[in-house]
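Residue numbers (UniProt numbering), protein chains in the order written: chain B, 1 to 330; chain Z, 1 to 706; chain S, 1 to 193.
Ideal Cβ placement from N, Cα and C applies to all residues, glycine included.
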Amino acid sequence: MKEFDYRRAPDVPGALALLDDRPDARYLAGGTNLVDLMKSGVERPARLVDVRELPLDRVEPTPDGGLRIGATVTNSDLAAHPEVRRRYPVLAQAVLAGASGQLRNMATVGGNLLQRTRCAYFTDTAKPCNKRAPGSGCPAVTGEHHNHAVLGASRSCVAVHPSDMAVALAALDAVVHYETADGPGELPLGWFYLPAGDTPHRETALPAGALITGLTLPPAPVAARSRYRKVRERASYAFAIGSVAAALDVRDGVVRDARLAFGAVASRPWRARTAERVLIGAPATARTYADAAGAELAAARPLPHNGYKVPLMHNLTVAVLSELTGEAAR
Amino acid sequence: MTTAQRTAVRAVGTGHVRVEGRDKVTGAARYAGDVPFAELGYGWLVLSTVARGRIRDIASGPVLEMPGVLAVLDHRSAPRLETDYVGLLGIRPDPTCAVFQHDTVPHLGWPVALVVAQTPEQAREAAESLAVEYETLPHDIAFDGDRPDARPADGIMPAVTDKGDLAAELAASAHVVDEEYTTPEEHHHPMEPHAATARWEDGRLEVVDSNQGAAWVVGELANLFRLDPGSVRVRSEHVGGGFGSKGVRAHQVAAVMAATVLRRPVRVALTRPQMFALAGHRSPTVQRVRLGADADGRLRALDHRSVSRTGTHYEFVEPGAGVARVMYDADAHHTENRVVRLDVPSPTFMRAPGEAPGAFALESALDELAEKCGIDPIDLRLRNEPATGPVSGLPFAPRNLRACFEEGARRFGWARRDPRPGVRREGRWLLGTGTAAASFPAGAAPSTAAVTAEADGRFTVRTAAADIGTGARTALTLVAADALGVAPERVTVRIGDSAFGFAMIAGGSMGTRSWSMAVMAAAGELRERLAPGMDIPAEGITVRSDTTARLAALTAVERHSYGAQFAEVAVDPATGEVRVRRMLGIFAAGRIVNPLTARGQFTGGMIWGISMALHEEALRDPAFGGPVGADLAGYHVATHADVPRVEADWVDDTDPDDPVGIKGIGEVGIVGAAAAIANAVWHATGVRHRSLPIRPDRVLTAGSDA
Amino acid sequence: MALPTSSVITLHINGEKHTLPVDHRTTLLDALRERLDLTGTKKGCDQGQCGACTVLADGRRTVACLQLAVAAEGREITTIEGVADGGRLHPVQQAFLDLDGYQCGYCTPGQICSAIGMLAEHAAGWPSAASGDVRPAAAAAPLTAEEIRERMSGNLCRCSAYTSIVEAVARAAGADAATAAAVVPAQSGEAVA
């Protein structure tokens, strides 16, 4: 870890000014990912701008019935917030499925959105990696990739996005708000993360130097009955090998509305819109859920050692949707 | 002050909280990296990034110019070491610890340099900045069971045992099991990373270290640096776990080198990722087990062949096939350990070396045989209880495996078990139960101890034992109290200091048995010497013991700890998730010195079995030769949520012919635990898992094949 | 002009102020251990992957290895050295001691600090991944063994003293009865909520 300058941002304009569009400056919030990456040499900033104490730590209802969530709200506070739990249980569950109590106390909403992949080739600076060192190659394609991507295929990078929270946000149509020196901006979550394509080092559509200030969640009555299920290689404190965020509105045996997103299968949280199209208006049966999962996963392009993710995601989708249907029936 | 009245209450056998417990719960206990030194230099090891080759150049010049950097040691500048010796455990040193002696790189993560700086931050950056140029040579880490270059190798036991005509007995068998089982590369990962601080003072070398035997480390350092062992002192008061990994390793040697060159104290601590290369590990194994039995389950043929992997620079054999030599007899009986040399770090002893992977294969195969024979798995084992050592022919010291199974079956509710697989469902979960047998040798090695009657009426025991979490300090307090006939509160046990003389290491489940013999001998003699009412001089009265002659006089028998493992699992066939719901282990392990801490030793071993069965696996990328995801997020060990109610208890296991009656309990708990879980997974799903760990992807893909 | 890479900071630890110059790279963990001789907080992985360095920051459990010391200025830090009330052990410490909630002891300070923080989180009504229904209308999750296990999963114990750690945490929480009932093995597994 090389030496660096450290500044505490007094306010949002001050943070932007301190970052000053310097490519070697980084915002620091909870630090759970950035400090780790600095230790492994993946990140070597010359300046840290500490934004953790900015007044962006509120969760507030919006007039239209949604929520606005500040960027420095900790993962713990987000998951514990009564309105989050009431309106968007899938989001609270996703956050609680991630990391550990300690890390959730430190990590922030903004930082969680920006966390980097756990691909072991990315975090080992002695290895090639197109995401870390563009053009150097992707050893995961021919190497150890049993937890790599099966959807959104790119030969340049097969790493998966590690966030649980962002999978729920994808299902909830969250909008990311940011500030730049030129003024504020916003990005729907579906546009926030860029496809890996040939430029896996470009992960988000945030303008250079932008500071995430928060999220808004639009009202989503369907989310009242929602769930996050995560499968991992240990019962807790492990990254997903597959996860599903789902919300389902069933009336009279018919799916009226549905939201579905997958985690740990792509370079970004995977909104399963193809599956949603199959679901909405169809009978609320296991057959429908299997058809929906199959339609989404038809695009899967597994590598030699991660083909299991296709049946895993298929089964998990059917299971979660069936559970939600069972609840609706009660 | 006079000697006090004898106490009638025995301390051994009743639960006592750890004597150092208060220090451990308040943070006052100082581990190796916690002991402060003035003018401390921080060493940071630089490891090779190639899997095989030669060092062409190390650009130490620019790094020496960096802020705070005190030294860069490499093969051109480091002190020379002596490596041609046989150490106190009767084995040669792993040359990985003899750092910086040549330009050859035999595996990825080989130590190539040490950077020392005034602060840890400076040392880390300087180490990261050190440019090392290599001549890269092709490497080979491809390990499988069919390598033609795998050859029989002895290690800690003979490579091959053989009796009878296997082909004939297999042909004559009513039921035959012939399967291959694999276990992956596993790592110890004690919570405390290896750390050592070395300093010279008045011509004497002192090392504050985290190890499993201070006297052992002194011997190795004295040999390596050609020093008089009397001028070297190693202290290791509190040790944050070892599991076989904490012998002499690169960090102590590098710290001594740097302290020698810089004439100031230097600490070298391994980072967690560095431990994957430098702390040793358990080799992967590929094991073939062939069992042939009569219709009633009696074994006619037993063939267990295990292939493991070692480095090109040092041979360590993971003896997976050894466990059958103790557990089961057959008319034809063949066991064989082979090893293949590859461009990887050398493995080492890891909790129940041989038995842990070996019992997974053998006890899984027995479960398969029970299924084929239509016999209850416990009955099958009890029908094959040998009268004498299957290979040695020696009589058994008490072998109370039957009692373990009977008590375990009763408490686990085994009699209610429906043997059919795949028929119990609870929501999304399929449920199953499984069992397996466990054994581990109960050995002892020469040790010394000193017991002093102090003038204030207290007693002090000094022995170079190590408490790596086993509760040894407390156990020896109780043993000494009973031998002296006083209350444990009057006994102070001091351990972890080589100044106390030679003692067995905390390893091989031999520590407490070996040290107790020495403590009992010295304490017993002291008790004889102390007459009631006798005055104790200010310097006290000290009696020393050495158990060498006494151990040599022991009659050779098959002396082992035994156990019966039971597990209940739940498997979600839709996601491949496996959860252990409960475990029970009943053990026959001699006299249990401290039930409070012993329970933790047994359950800790059983939970290692959960971890081995479901989680642990270091995957190496053949292209690079190193592990992928070398950290505790990539290498999963069981955490709280993976561990349900795990119970351990024991049956009476008295051995009237044994002078101490204490057996080791540190390792038997893991033996068979993974097999019990794998057998339960079969019972839940009807699918056999012969490769560990039983990951969700394996359950999913195996299910689709079935 | 070279940017400043160190600062003089004041840390508030266990009720005491410590003013010291720090390299910005120094983590709170290294500041405690190498600068302030507060070595009860342990370094197990230095990567946020084991929990051995858990301390309380403004009452909330935190891993000190991923917390830069300079960024901890202004926060009230409690380490294992600060949880006892003078000579009287904290109930969590006492329960670990009495129930043998450890073996080697290296993860123990982190387990204890984590348990103290966790009990406060539970008392505040925070749900966990083991809680099933997270909606606020649902009854607050009782502190079953399963809840303790999930909430403590950020603290690895390689000696695997997990069963006695959970018993110790339950006893300290005053939840003995409820938790004991929950951990008794039932016919087909465990009667957890």
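(Q) Which residue wins for smallest C-alpha separation from Z:A167, given the options Z:Y134, Z:V12, Z:H334? (A) Z:H334
Q. Is there at least one Cβ from chain S nearer than 8 Å to B:L78's Cβ?
A. no
Q) What's the call for Z:M534, buried or exposed, on a 16-neighbour Cβ count within 10 Å? A) exposed
**Q.** Proximal chain B residues relative to S:E147, where beta-carbon distance stays under 8 Å
**A.** What S:E147 touches in chain B: nothing, since even the nearest Cβ is about 12 Å away.
Q. Is DSSP giving Z:F143 helix, strand or coil here?
A. coil
(Q) Does the CB of B:N130 have a neighbour CB from chain Z at under 8 Å? (A) no
Q: Indicate whether the contact test is met: 3 or more Cβ pairs, each with one atom in the segment 624–640 of chain Z and one in the segment 555–563 of chain Z, closer than 8 Å.
A: no
Q: Let me know the secondary structure DSSP gives Z:P595 once reduced to three states.
A: helix
Q.
Considering only their Cβ atoms, is the gap separating Z:F243 from Z:C404 smaller than 8 Å?
A. no
Q) Of all Cβ atoms in chain S, is any one closer than 8 Å to the Cβ of Z:Y562? A) no
Q: Taking only beta-carbon positions, decide if B:V106 is within less than 8 Å of chain Z.
A: Per the sequence presented here, residue 106 of chain B reads as Met, with Val not at that position. Not closer than 8 Å to any Cβ of chain Z, the Cβ of B:M106 fails to qualify, so no.
**Q.** Buried versus exposed call for Z:W515 [16 or more other C-beta atoms within 10 Å across all chains shown]
**A.** buried
Q.
Just to make sure I have the definition right: I need the residues of chain B whose C-beta is within less than 8 Å of the C-beta of S:P127. Which are they?
A. A79, A80, R85, A92, L96
Q. Do you know offhand how far B:P283's Cα is from Z:G422's?
A. 31 Å
Q) Does any residue of chain S bring its CB to less than 8 Å from the CB of Z:L619? A) no
Q: Measure the C-alpha to C-alpha separation of B:G253 and Z:I694 and round it to an integer number of angstroms.
A: 38 Å
Q) S:A177 by DSSP, collapsed to three states: which one? A) Residue confidence is low: S:A177 scores 41 on pLDDT, short of 50, so the model does not pin down where it sits. Its coordinate-derived value is still stated next. Helix at S:A177.
Q. Just by C-beta distance, which residues in the segment 101–132 of chain S are closer than 7 Å to chain Z?
A. Y102, Q103, C104, G105, Y106, C107, T108, P109, I112
Q.
Between which residues of its own chain and Z:M191 is the CB-CB distance below 8 Å, once the five residues before and five after are set aside?
A. G240, G241
Q | Minimum Cβ-Cβ distance from Z:L73 to chain B less than 8 Å | A | no
Q. At a CB-CB cut-off below 9 Å, which residues of chain Z make contact with S:E81?
A. T26, G27, A28
Q: Go ahead and label Z:L137 buried or exposed: buried means 16 or more other beta carbons lie within 10 angstroms of its beta carbon, across all protein chains shown.
A: exposed
(Q) Tell me the residue span of the alpha helix (DSSP H) that contains Z:M517. (A) 511–529
(Q) I want to verify the contact list: residues of chain A whose CB lies under 7 Å from the CB of Z:L700, in sequence order. (A) Included in the structure are the protein chains B, Z and S, with no chain A among them.
Q: Take the Cβ of B:A292 as the centre, count every other Cβ of all protein chains shown within 10 Å, and call the residue buried at 16 or more, exposed below.
A: buried
Q. If we ignore side chains and look at the alpha-carbon of each, how far apart do Z:G408 and S:S128 end up?
A. 35 Å
Q) By how many angstroms is the C-alpha of B:S322 removed from the C-alpha of B:D286? A) According to the sequence provided, residue 286 of chain B is Ala. The question's Asp does not apply to it. Going from the Cα of B:A286 to the Cα of B:S322 covers about 7 Å.
Q.
Please state the DSSP three-state secondary structure of B:S322.
A. helix
**Q.** Local conformation of B:E179 per DSSP, three classes
**A.** strand
**Q.** Run of the alpha helix (DSSP H) containing Z:V128, from where it starts to where it stops
**A.** Here residue 128 of chain Z is Glu; the residue named in the question, Val, does not match the sequence. Residues 120–129.
Q.
Looking at the secondary structure, which residues open and close the beta strand (DSSP E) in which Z:W650 lies?
A. 645–650
Q: Compute the beta-carbon to beta-carbon distance between B:D164 and B:A97, rounded to the nearest angstrom, for a pair I have assumed lies under 8 Å.
A: 5 Å
**Q.** Cβ of S:Q67 within 8 Å of any chain Z Cβ
**A.** no
Q) Within 10 angstroms of its Cβ, does Z:H102 collect 16 or more other Cβ (buried), or is it exposed? A) exposed
Q. Do you know offhand how far residue 198 of chain S's Cα is from Z:S364's?
A. Since the displayed chain S opens at 1 and closes at 193, residue 198 of chain S lies outside it and no answer follows.
**Q.** Chain-order list of residues whose beta-carbon lies under 6 Å from that of S:A193 (same chain, five-residue window excluded)
**A.** With a pLDDT of 25 at S:A193, under the threshold of 50, the modelled position of that residue is not reliable, and no figure is offered here.
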